[in-house]
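Trainee: Count along the sequence shown from 1, then add 60; that gives the number in this note's numbering.
So that we are looking at the same thing, I have put the structure below in structure tokens.
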Amino acid sequence: MSESSGPTATTTTEATTTEASATTTTTGTSTTAEDPSTTDATDATGSQNTTEGPKCGDGQLDPGELCDDGNVLNNDSCTNSCKFAACGDGFVLAGTEECDDGNADDGDDCTNMCTGATCGDGVVHVGLEACDDGNADDADACTSQCALAGCGDGIVMMGVEECDDANAENTDACTASCKNAVCGDGILWIGVEECEDGNQVAGDGCEPDCKKTVINKYTAFGPQTNVQGASLVGWEVCYVDQFAHSGTSVSQILQQCGKANLMLACRPSGSGTYALLAHAPRAQVTADTGQSNTPTNANGSGWYFSDAFSWGFAVEGDPISRNSCDTGDINPERRLCFHSGGGAINGGYRCGATLGLNGSADWERVVLHAD
């Protein structure tokens, strides 16, 4: 029997096949042949071949790649999918983009310029900004806080509002429609206007300067007796009480009687005729003389005032004797005195020649005021 010794067996006496190799046995010697389809990747020197195919991140620009910078960083100019970084790709490009939320929505936290949404960027941030005009001008239709300008926001909108005092009060210097309060606008400006009839017509009860029309206002020089109340044109009663009563605060009376001229008077309770009265400018009628018998002379009367002693008048030049009220007897019918103490009016004392009046409900003390 013949024997072969080549790389493959061509003569077979007994053959057993196992998977991809062929075994040939001749006189007890076996030879194995490899299947070319299962041979390992081995080079001619017998070394293993480990070379990989093209991939993103290998630093080589391969077909289908726009860029390849050899790394797997997503925040540089070439992403790890080998595409150029761009706003809206969902990756923040370091040093260039403030944010990148992967969308083109201009109204969220990150604009489609990949900058963080802020008031003044010209893009309305939905849910947070009512407007955004891209500037910091507070006097236009959109404020620097990105709120729509409106009357009452405290910011004067140029060309639209004359004023804006940040309230809805209609009776102060700036009306609720953001117009400057003026006489004739039909809105009473508290503390400034006496009346407001919405026109500039004189003699109709409210003058063009918003003062009440006064026709032939009553005036008299020095103390006057037996004066009809109906003749006191232009004067208004602002305080009246019986001589019997005590406790009304002097400051309260002066607050109620706030006009430029004051008149002190007395009369029988409920009478339409004043037994005695005199008037003068407010400053002289309320000039504090303490407990002095030296009065403040004005309009023919000598005036004294103290909220802790007494308040009244006598004929100018006549001596005054206060203890605490004036008890002088020269021209007694032309002397008037209200008791005071502790900042309040007390009961008594005189209406002309009628003295005492402590506890009397038959006589009234009256204060009137006029412009």
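Here a beta-carbon is modelled for each residue, glycine too, at the ideal position from N, C-alpha and C.
As the structure is a computational prediction, the values presented were derived from the model and not from experiment.
1. Taking the alpha-carbon positions, what's the D197 to A209 distance?
2. Throw me the rounded Cβ distance for the N172 and D165 pair, which I believe falls under 8 Å.
3. Where in the region 120-157 do unbroken runs of the beta strand (DSSP E), each at least 3 residues long, occur, reported from the N-terminal end onward?
4. E296 by DSSP, collapsed to three states: which one?
5. Sorted by chain position, which residues of the same chain lie with C-beta nearer than 7 Å to Y278's C-beta, five sequence neighbours on each side aside?
6. Quick one: residues in its chain with C-beta nearer than 8 Å to the C-beta of S370, no 5 flanking neighbours on either side, listed in chain order?
7. Do you know how far the Cα of G155 is from the Cα of T99?
8. Please confirm whether N465 and P341 have their CB atoms less than 7 Å apart.
9. One question on the structure: do M218 and A199 come within less than 7 Å of each other, judged by their Cβ atoms?
10. Below 8 Å on the Cβ atoms is my contact criterion, and I expect A226 with G212 to pass it. Report the Cβ-Cβ distance as a whole number of Å.
11. Tell me which residue opens and which closes the beta strand (DSSP E) that L248 is part of.
12. Could you spell out the range, first to last residue, of the alpha helix (DSSP H) harbouring Q344?
13. Where does A101 land, buried or exposed, given buried means 16+ other C-beta within 10 angstroms?
14. Find out if the Cβ-Cβ distance for the pair C298, K272 is shorter than 7 Å.
15. Between which two residues does the alpha helix (DSSP H) carrying I313 extend?
16. So who's on the other strand from R327, going by DSSP bridges?
17. Report the three-state DSSP secondary structure of R394 (helix, strand or coil).
18. Measure the alpha-carbon distance for A207 versus Q260 and round it to whole angstroms.
19. Using CA atoms only, rank isn't needed, just tell me which of S361, D161, S311 is closest to S150.
20. Straight-line CA distance for N135 to A228?
21. With which residues is A374 paired in a DSSP beta bridge?
22. Find the nearest neighbour of A343 within the set T333, G318, C326, L337, judged by alpha-carbon distance.
23. Could you please give the first and the last residue of the uninterrupted beta strand (DSSP E) stretch that includes C411?
24. What residue range is occupied by the uninterrupted beta strand (DSSP E) comprising V287?
25. Among residues of its own chain, excluding the 5 on either side of Q288, which ones have a beta-carbon nearer than 7 Å to its beta-carbon?
26. With burial defined as no fewer than 16 other Cβ atoms inside 10 Å of the residue's Cβ, what is the status of V310: buried or exposed?
27. Return the chain-ordered list of same chain residues with a C-beta closer than 8 Å to the C-beta of D192, the five sequence neighbours on each side being excluded.
Mentor: Looking at the atomic coordinates:
1. Here residue 197 refers to the residue found at position 137 when the sequence shown is read from its first residue. Here residue 209 refers to the residue found at position 149 when the sequence shown is read from its first residue. Distance between D197 and A209, taken at the CA atoms: about 11 Å.
2. Reading the sequence shown from its first residue, position 112 is the one you call residue 172. Reading the sequence shown from its first residue, position 105 is the one you call residue 165. Right, their Cβ atoms sit about 7 Å apart.
3. none
4. For the purposes of this step, residue 296 is taken as the residue at position 236 of the sequence shown. Strand, per DSSP.
5. Taking the first residue of the sequence shown as position 1, residue 278 is located at position 218. Here the set comprises S291, L292, V293, G294, W295.
6. Translated into positions along the sequence shown, residue 370 becomes position 310. So the qualifying residues of the chain are Y364, R382, S384, C385, D386, C397, F398, H399, S400, Y409.
7. Numbered from its first residue, the sequence shown carries residue 99 at position 39. Numbered from its first residue, the sequence shown carries residue 155 at position 95. Unreliable placement is indicated for T99, whose pLDDT of 42 sits below 50; no coordinate value is reported for it.
8. Lying before the first or after the last residue shown, residue 465 is absent from the chain, which here runs from 61 to 431.
9. One-based indexing of the sequence shown puts residue 218 at position 158. One-based indexing of the sequence shown puts residue 199 at position 139. In this structure, A199 lies closer than 7 Å to M218 by Cβ.
10. Your numbering for residue 226 matches position 166 in the sequence shown. Your numbering for residue 212 matches position 152 in the sequence shown. The pair is a contact, with the Cβ atoms about 6 Å apart (cut-off 8 Å).
11. Working through the sequence shown from its first residue, we reach residue 248 at position 188. Looking at the DSSP string, L248 is not in any beta strand (DSSP E), and its letter there is neither H nor E.
12. Taking the sequence shown and counting its residues from 1, one reaches residue 344 at position 284. 342-345 is the span of the alpha helix (DSSP H), which, as asked, contains Q344.
13. Translated into positions along the sequence shown, residue 101 becomes position 41. Confidence at A101 is low in this model, with a pLDDT of 43, below 50, so the placement of that residue is unreliable and no value is reported for it.
14. As a working mapping, residue 298 is identified with position 238 in the sequence shown. As a working mapping, residue 272 is identified with position 212 in the sequence shown. For C298 and K272, no; Cβs fall outside 7 Å.
15. For this step, residue 313 is matched to residue 253 along the sequence shown. Where I313 is concerned, the enclosing alpha helix (DSSP H) stretches over 310-316.
16. Translated into the one-based positions of the sequence shown, residue 327 becomes position 267. E424, per the DSSP bridge assignment.
17. Numbered from 1 along the sequence shown, position 334 holds the residue referred to as residue 394. Collapsing the DSSP output to three states places R394 in a helix.
18. Here residue 207 corresponds to residue number 147 of the sequence shown, with the count starting at 1. Here residue 260 corresponds to residue number 200 of the sequence shown, with the count starting at 1. Rounded to the nearest angstrom, the two C-alpha atoms are 39 Å apart.
19. Taking the sequence shown and counting its residues from 1, the one referred to as residue 150 is at position 90. Correcting the residue identity first, residue 150 is Gly in this sequence and not Ser. With distances taken between Cα atoms, G150 lies closest to D161.
20. Looking up residue 135 in the sequence shown gives position 75. Looking up residue 228 in the sequence shown gives position 168. Roughly 53 Å separates the two Cα atoms.
21. Reading the sequence shown from its first residue, position 314 is the one you call residue 374. G362.
22. As a first step, residue 343 is located in the sequence shown; it is residue number 283 there, counting from the start. Per the Cα distances, G318.
23. Sequence index remark: in the sequence shown, residue 411 carries index 351 (1-based). Residues 404-411.
24. For the purposes of this step, residue 287 is taken as the residue at position 227 of the sequence shown. Counting along the chain, the beta strand (DSSP E) containing V287 begins and ends at 284-288.
25. Sequence index remark: in the sequence shown, residue 288 carries index 228 (1-based). Correct list, in chain order: G332, T333.
26. For the purposes of this step, residue 310 is taken as the residue at position 250 of the sequence shown. That one is buried.
27. In the sequence shown, residue 192 corresponds to position 132, counting from 1. Counting only Cβ-Cβ distances below 8 Å, and skipping sequence neighbours, we find C179, G180, D181, G182, V183, V184, H185, C202, C206.
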